[in-house]
Amino acid sequence: MALIHLFRKCNQRCVFCSYPAEQGADEPDSLKNWLKEIAAMPAGPVQISGGEPLLAGAAALQLLLAGVKKMGRKAELQSNALLAASMPEADLLRIIRALNAAGGYFNINFPASSAALDFKITRARGGFEKRLEGVRRLIKAGAAVRLTHVISSLNYRLLPAFAAFAAKQLKGAAWLQFSYIKGAGRAGARFLPEYKAVKPYLERALALCRANKIKCEVDHIPPCFLGEFYRLSVDMVKMRKGLRGPHLLEKKRVPACRGCRFFRLCPGPRKDYIAVHKNL
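The working numbering numbers the first residue of the sequence shown as 106 and each following residue consecutively.
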């Protein structure tokens, strides 16, 4: 899926942000430039990311999404949902209607099931409560919402707790993705847990999702670490369909992959994971 970063500015300072403000300068905000950049991308859906895209404002996002629709593309609008908690209803509806018209959905980063852990990860005081309210407002207003729970050393032991939290507090979300952290930006080695350490907690979380009829998937963790839930691997679905994209560039098979039953359906672990842990 094509990806555009509108800018680096954000209302959080996540400790493992992969696109932090301090690692580059933004070009001047320009709807014309954004649309030109998207038009030059390979055909297909586009991820609209930041920083925090909602900081662009409702008017700019409405026009951007209308442009995406005109190109015949679908859109994924990434957000932390903090601004969605307090945005005027009319502005929120403008964005949602434009996104729905583009056949799109919100991708909301929801990193924790408690305020304390949320603050430890995002460094946004009051962020947990705002995020929860923002997601609920989006769902109530008719938006399709995907929840993304980034797995790191700070939260992997609490994956089952997050699954239970989502089942109880985030009803109406379209689906939930458990996504292993990218070792880029602020995400140093200490934030990347071993797959084998994550495995038992992730399997319990996926079992809870199944029991609560929550649609879910897993990204950036090889299917060999998913036990009976290997079919939930995003990469495996892409490989079956013969889709090309970042999943082929960011990952690489290692000697331990030889003989694996998923060899032809898995691009291997992330290269930044191997740089830290050396092997599977």
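We put the beta carbon where it would ideally sit given N, CA and C, even for glycine. Every value quoted in this text rests on a predicted model; they were computed, and no experiment measured them.
{"Item": "Closest to Arg262 by CA distance: which of Ala195, Ser218, Gly177 and Lys356 is it?", "Value": "Ser218"}
{"Item": "Got a sec? Which residues, its chain only, sit under 7 Å from Gln128 by beta carbon, not counting five neighbours each side?", "Value": "Gly290"}
{"Item": "So, under 8 Å CB-CB, Glu238 and Tyr210 are touching, yes? Tell me the CB distance rounded to an integer number of Å.", "Value": "Not really, about 19 Å apart at Cβ, beyond 8 Å."}
{"Item": "Please state the DSSP three-state secondary structure of Phe121.", "Value": "coil"}
{"Item": "Following the continuous alpha helix (DSSP H) through Cys314, name the residue where it begins and the one where it ends.", "Value": "Tyr300 to Ala316"}
{"Item": "My parser needs the alpha helix (DSSP H) runs of 4 or more residues fully inside the stretch 117–175; what are they?", "Value": "136–144 and 163–175"}
{"Item": "Can you tell me whether Lys357 is helix, strand or coil according to DSSP?", "Value": "coil"}
{"Item": "Quick one: any contact between the stretch 290–307 and the stretch 339–350, if contact means 3 or more CB pairs under 8 Å?", "Value": "no"}
{"Item": "Going by the CB atoms, is the gap between Lys235 and Ala190 shorter than 8 Å?", "Value": "yes"}
{"Item": "Just tell me which of Glu132, Arg366, Pro328 and Ala161 has its CA closest to the CA of Leu188.", "Value": "Ala161"}
{"Item": "Strictly by DSSP, which residues pair up with Ala180?", "Value": "Val151"}
{"Item": "Taking the Cβ atom as the reference point for each residue, do Gln274 and Asn185 lie within a distance shorter than 8 Å?", "Value": "no"}
{"Item": "Can you tell me where the alpha helix (DSSP H) with Ile201 in it begins and where it stops?", "Value": "Glu194 to Ala206"}
{"Item": "From Gln152 to Ala107, what does the alpha carbon distance come to, in whole angstroms?", "Value": "6 Å"}
{"Item": "Taking a contact to mean a Cβ-Cβ separation below 8 Å, would you say Ala272 touches Leu311 in this structure?", "Value": "no"}
{"Item": "Using C-beta distances below 8 Å, list every residue in its chain close to Ile109, excluding the 5 sequence neighbours before and after it, in chain order.", "Value": "Trp139, Glu142, Ile143, Met146, Val151, Gln152, Ile153 and Ser154"}
{"Item": "If the criterion is Cβ atoms closer than 8 Å, does the pair Val303 and Ile244 meet it?", "Value": "no"}
{"Item": "Given a cut-off of 8 Å on the beta-carbon distance, is the pair Lys318 and Trp280 in contact?", "Value": "no"}
{"Item": "Given that a residue counts as buried once 16 or more other Cβ atoms are within 10 Å of its Cβ, and exposed if not, what is Pro131?", "Value": "Per the sequence presented here, residue 131 reads as Asp, with Pro not at that position. Asp131 is exposed by the Cβ-count criterion."}
{"Item": "Looking at Phe270 and Leu307, is the spacing between their C-beta atoms short of 8 Å?", "Value": "no"}
{"Item": "With distance defined between alpha-carbon atoms, name the residue in Pro158, Ala195, Leu252 and Leu385 nearest to Lys276.", "Value": "Leu252"}
{"Item": "From what residue to what residue does the beta strand (DSSP E) around Arg242 run?", "Value": "No beta strand (DSSP E) holds Arg242; the alpha helix (DSSP H) holding it covers Gly232 to Lys245."}
{"Item": "Note down, in chain order, each residue of its chain lying with its Cβ closer than 8 Å to the Cβ of Arg375, except the 5 sequence neighbours on either side.", "Value": "Tyr285, Lys287, Gly288, His325, Glu355 and Lys356"}
{"Item": "Quick one, are the C-beta atoms of Pro394 and Arg228 less than 8 Å apart?", "Value": "Outside the shown range of the chain, which is 106 to 385, sits residue 394, and nothing can be said about it."}
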